[in-house]
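This report refers to the structure that appears directly beneath it.
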Amino acid sequence: MVFSKRTSISLLIIALFTAIIVAPDSPSVHAQGVPNPLICYAVADNGGFGGGDDRLVAMDRTTGAFIDVGNTLTSAIETMSVDVQGDTVYAVNHTGGIGRLGTLNLLGTPSPGLFVPIGSGIGTGSNAVLGSHPFNDVDSLSFDALTGKLWGITQNSPRNVIFQINPTTGAFIPDAFGPGFDYAEVALGGQPGDPDDVDDLAIDPISGRFFIIASAQNVNDQIREININGFNPAASPGFNPATGQISSTFMSNLIDTATNTPIQDMEGFSTFNNGTFYGTTGAIGTPPNRMWQINPLTGTATTVGDFPQYDDYEAVGCLTAGSNVKSGTVFFDQNSNGIFDEPPDTRVPNITVRFYVDNNNNNVVDGADMLIQEMSSDASGNYVFETARAGAFVVEVDLTDPDFPPGFTLTTSNDQEADFVNTGALFSEWGNSHPNNNFGYRLGTAPPTVPPPNPNTTPVPPGPGGTPGATQVGALTLADPVIGKLADPPFALPGDPVNWVITIRNPGSTAVTGIVVNDTLPAQVEITGVTSSSGSATFTGQSITFIQAALGPGETITITVQTRVRASAVPPYTLRNRASLTNAENPTPRYAEAIVISAETLPDTGDSRWSLWRTPLLILIGIASALAAWIVGRRRVSAP
Amino acid sequence: MTTVILGIILGLAVVAYAYWNAATQANPAAPAALSSTPTIPGVTAIPGPEPIKLLVPTANIDTPIVEIYLSGTSWDVSGLGMNAGHLHGTAWIEAPGNIVLAGHVEMGDGQRGVFARLTDVQINDSVFLYQGTARRRYVVTRVQTVAPEDLSVLYPTESDRLTLITCLSYDFVQDAYQERLVVIADRVR
Chain A
1 MVFSKRTSIS
11 LLIIALFTAI
21 IVAPDSPSVH
31 AQGVPNPLIC
41 YAVADNGGFG
51 GGDDRLVAMD
61 RTTGAFIDVG
71 NTLTSAIETM
81 SVDVQGDTVY
91 AVNHTGGIGR
101 LGTLNLLGTP
111 SPGLFVPIGS
121 GIGTGSNAVL
131 GSHPFNDVDS
141 LSFDALTGKL
151 WGITQNSPRN
161 VIFQINPTTG
171 AFIPDAFGPG
181 FDYAEVALGG
191 QPGDPDDVDD
201 LAIDPISGRF
211 FIIASAQNVN
221 DQIREINING
231 FNPAASPGFN
241 PATGQISSTF
251 MSNLIDTATN
261 TPIQDMEGFS
271 TFNNGTFYGT
281 TGAIGTPPNR
291 MWQINPLTGT
301 ATTVGDFPQY
311 DDYEAVGCLT
321 AGSNVKSGTV
331 FFDQNSNGIF
341 DEPPDTRVPN
351 ITVRFYVDNN
361 NNNVVDGADM
371 LIQEMSSDAS
381 GNYVFETARA
391 GAFVVEVDLT
401 DPDFPPGFTL
411 TTSNDQEADF
421 VNTGALFSEW
431 GNSHPNNNFG
441 YRLGTAPPTV
451 PPPNPNTTPV
461 PPGPGGTPGA
471 TQVGALTLAD
481 PVIGKLADPP
491 FALPGDPVNW
501 VITIRNPGST
511 AVTGIVVNDT
521 LPAQVEITGV
531 TSSSGSATFT
541 GQSITFIQAA
551 LGPGETITIT
561 VQTRVRASAV
571 PPYTLRNRAS
581 LTNAENPTPR
591 YAEAIVISAE
601 TLPDTGDSRW
611 SLWRTPLLIL
621 IGIASALAAW
631 IVGRRRVSAP
Chain B
641 MTTVILGIIL
651 GLAVVAYAYW
661 NAATQANPAA
671 PAALSSTPTI
681 PGVTAIPGPE
691 PIKLLVPTAN
701 IDTPIVEIYL
711 SGTSWDVSGL
721 GMNAGHLHGT
731 AWIEAPGNIV
741 LAGHVEMGDG
751 QRGVFARLTD
761 VQINDSVFLY
771 QGTARRRYVV
781 TRVQTVAPED
791 LSVLYPTESD
801 RLTLITCLSY
811 DFVQDAYQER
821 LVVIADRVR
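As you go down the protein sequences, you meet chains A and B in turn. Those letters in the first sequence? Residues 1 to 640, per the working numbering, in order. Those letters in the second sequence? Residues 641 to 829, per the working numbering, in order.
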């Protein structure tokens, strides 16, 4: 078999082509579900209402680099916002006389940029003073990074009204400003020269202040602050139930710092998670089609970059860093040890938990802090707060909650703090979770039934399996027997055998009587047998019972429970098991705990710079080999 | 000519392997959620609510500790960044035992990882855990190299121990580290 020159070249081309096509790429715009803190998204109206299709694009906030994402396949998007998670772009489309919330695909199917509506329309709200108002011509849309709420403002048609939207249903949220007030009219001054049109809304992730771009027919652009309380709009300082309006305060006129001239037609307005504001100018802007960084207090704006394609950038969304999550469980601390360990602890629903920005970073809730979210623990006692802001936070339970029983006492701190801060890596202050902020309580003020470990306790010797490490918990005196427990081995996968070794030792100088050990094994293990060095050990189902009449001074009992991890157990799991000990002289249970973890290997803590280069290098080596072979082949063919 | 054919096939095979390898190792771009510093109820030896930090002067390590959790059959370090990660399920400071911390030796962008200089640690060096101004001191008693499958260094202990783990011996062909460097330090009261 001989390869001709043409065949060899073809093979080489195929190899190169395959290398180009198959090699993994690195998209500049992430697929939906992945925050990209470097960019802002923007929508070009691209021909106006009823004109050409609107276009979703992105721009690097730091370099001004432009990224064309795709066609929205609609022509009436005038506002957008990135959600708190930083992974979904919402927009409002105004067609057929209906304002409809939707999402814009980010490299997703069926096509990038595509507007996908949510629900059948935002709807028509009412105001006890001003009457009903359709939320159709929505020019402003913004997620509040602190509260997670989504806000919209209609353009002057006939009023600029602010309202809240449910991003799941796409419908407005009733009574956002209290009973009878689904919306509030944004008062813009009302004097000659004052603006009459709200172009977009941006909510400061740091302070929670609501800033708007307002203008008079796209000129005299200015920044105003709506005097709203984002957590509790009904209690907003600027909301007047007698007029149905909410006031706004003039902050500044928009000024281009490069030319020291006013900027007109700023249509898009948004913030990045760190409180940096951005805006985009529309088709008649001075200059048009540009992304700006804006100081909302002074109105000064500097250029980020010009959009090289498409026209009339009416919307921008920059909340792209992702969120931080703080969560925990409210529980009845049955054993009063301040730790959520079930059983015996039980979960408690319907307890109010509040989430604060710890403004003075002192790890307790005080007058300097800002309440941003509130919820009740769910049926499993769990609560979850999510925010796109970084920094210091505290959660507390409401000690006046009527679902707490009379005479209760917290066994944990009521100030559970978390700091989401930069740890050295770029944007590392976002995308974090802080779980297990648990709140436990007991009844009365009696001392805990299970005191903390006594440091004078004699350590439990290693079990017969040779594995050290019994964990002791319990109140001990010299007269008490000591319980210890270990798992051998402490790491096991489905099908693996595990021995749970319980040791009871009497360190005292007198005998103890009526020794009882109870142990309920996790459902993920199957008990195959139980033995003991003395006394009587039996098991029923998952429960082990051991009884011995007496234990002399210095004596030790070893109970070995042979188990096998059930094949149905699915890694990852942590099998936590606790045995209890009582005796006639001390009926208060003492506990010992052991853990089995579904680990097979040590953590893989080594990324490598070579990971990036090895694929191209291997491709080059392959191509070089093929090329060398082809050259050798050609020489042989052409040789006389 | 057979040599030529084999050479071309070999070259194409290398290219195909590179694609296959890249595809099978493709990771989602999303950074895993980074856990914040664990808050430990009932801590008495190191009082105060401040986050706990790891300090290893001889290895130039001064970093917060975050919790890392099991994913499959090992701990997920994809979101660890420049932190030290406490292996969830190993002991913590509220009770005696073996506290195990892991850290990167090198980051994906070539930056030195937080445990890059763990190789500099020698027996009798001091290692500290700080919570605010309170501290726990440990002294290194063993430095060893183990296979990734050797979990014995994670076993519980009766006494207070601190075990530090990072990767060692990068294999270019397999794109994996073949060993783990383990530093074991026992508490000094």
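Just so it is clear, CB atoms sit at the ideal spot from N, CA and C, and this is done for glycine as well. Computed from a predicted structure; not experimentally measured.
Note down, in chain order, each residue of its chain lying with its Cβ closer than 7 Å to the Cβ of residue i, except the 5 sequence neighbours on either side.
i: residue 364 of chain A; result: 394 and 415
i: residue 56 of chain A; result: 41, 43, 69, 70, 72, 104 and 113
i: residue 695 of chain B; result: 701, 702, 768 and 770
i: residue 182 of chain A; result: 125, 126, 127, 163, 172, 174, 175 and 176
Compute the minimum distance between the beta carbon of residue i and the heavy atoms of the ligand ADP, and state whether it is under 7 Å.
i: residue 715 of chain B; result: As far as ligands go, the structure on display features none, and thus does not contain the ligand ADP.
Please tell me whether residue i has its Cβ less than 8 Å away from any Cβ of chain B.
i: residue 607 of chain A; result: yes
i: residue 112 of chain A; result: no
i: residue 595 of chain A; result: yes
i: residue 490 of chain A; result: yes
i: residue 603 of chain A; result: yes
Contact criterion: CB-CB distance below 8 Å. Does residue i meet it with respect to chain A?
i: residue 825 of chain B; result: no
i: residue 710 of chain B; result: yes
i: residue 594 of chain B; result: For chain B, the structure presents residues 641 to 829; residue 594 of chain B sits outside this window and is missing.
i: residue 815 of chain B; result: yes
i: residue 723 of chain B; result: yes
i: residue 696 of chain B; result: no
i: residue 812 of chain B; result: yes
i: residue 766 of chain B; result: no
i: residue 820 of chain B; result: yes
i: residue 745 of chain B; result: yes
i: residue 772 of chain B; result: no
i: residue 715 of chain B; result: yes
Please work out which residues of its chain come closer than 6 Å, Cβ to Cβ, to residue i, disregarding the five sequence neighbours upstream and downstream, and give them in chain order.
i: residue 537 of chain A; result: 530, 546 and 559
i: residue 765 of chain B; result: 698 and 780
i: residue 150 of chain A; result: 143, 165 and 167
i: residue 83 of chain A; result: 143
i: residue 275 of chain A; result: 204, 205 and 206
i: residue 543 of chain A; result: 520
i: residue 252 of chain A; result: 223, 298 and 299
i: residue 385 of chain A; result: 326, 355 and 373
If you drop the 5 nearest sequence neighbours on each side, which residues of the same chain put their C-beta closer than 8 Å to that of residue i?
i: residue 263 of chain A; result: 221, 254, 255, 256, 281, 285, 286, 292 and 301
Would you give the residue range spanned by the beta strand (DSSP E) that residue i belongs to?
i: residue 212 of chain A; result: 210-216
i: residue 326 of chain A; result: 324-332
i: residue 424 of chain A; result: That residue, residue 424 of chain A, is in no beta strand (DSSP E); it is neither H nor E in DSSP.
i: residue 589 of chain A; result: 586-597
i: residue 692 of chain B; result: 692-696
i: residue 728 of chain B; result: Where residue 728 of chain B is concerned, there is no enclosing beta strand (DSSP E), given that its DSSP letter is neither H nor E.
i: residue 810 of chain B; result: 801-811
i: residue 570 of chain A; result: Run containing residue 570 of chain A: none; DSSP gives neither H nor E here.
Of all the options the options, which has the alpha carbon lying nearest to the alpha carbon of residue i?
i: residue 317 of chain A; options: A:161, A:605, A:425 and A:278; result: A:278
i: residue 532 of chain A; options: A:517, A:524 and A:526; result: A:517
i: residue 137 of chain A; options: A:111, A:100 and A:148; result: A:100
i: residue 815 of chain B; options: B:777, B:691, B:748 and B:787; result: B:748
i: residue 232 of chain A; options: A:337, A:209 and A:79; result: A:209
i: residue 587 of chain A; options: A:480, A:242 and A:413; result: A:480
Between residue i and residue j, what straight-line distance do the alpha-carbon atoms span, to the nearest angstrom?
i: residue 715 of chain B; j: residue 603 of chain A; result: 5 Å
i: residue 371 of chain A; j: residue 613 of chain A; result: 48 Å
i: residue 729 of chain B; j: residue 95 of chain A; result: 55 Å
i: residue 757 of chain B; j: residue 322 of chain A; result: 32 Å
i: residue 505 of chain A; j: residue 581 of chain A; result: 11 Å
i: residue 618 of chain A; j: residue 369 of chain A; result: 56 Å
i: residue 390 of chain A; j: residue 772 of chain B; result: 21 Å
i: residue 490 of chain A; j: residue 170 of chain A; result: 50 Å
i: residue 229 of chain A; j: residue 202 of chain A; result: 14 Å
i: residue 131 of chain A; j: residue 244 of chain A; result: 9 Å
i: residue 475 of chain A; j: residue 590 of chain A; result: Interpretation of residue 475 of chain A is limited by its pLDDT of 29, a score under 50 that renders its predicted location unreliable; the figure taken from the coordinates is listed afterwards. Spanning the two alpha carbons is a distance of roughly 6 Å.
i: residue 54 of chain A; j: residue 378 of chain A; result: 42 Å
i: residue 45 of chain A; j: residue 387 of chain A; result: 30 Å
i: residue 441 of chain A; j: residue 290 of chain A; result: 56 Å
i: residue 753 of chain B; j: residue 759 of chain B; result: 12 Å
i: residue 429 of chain A; j: residue 419 of chain A; result: 9 Å
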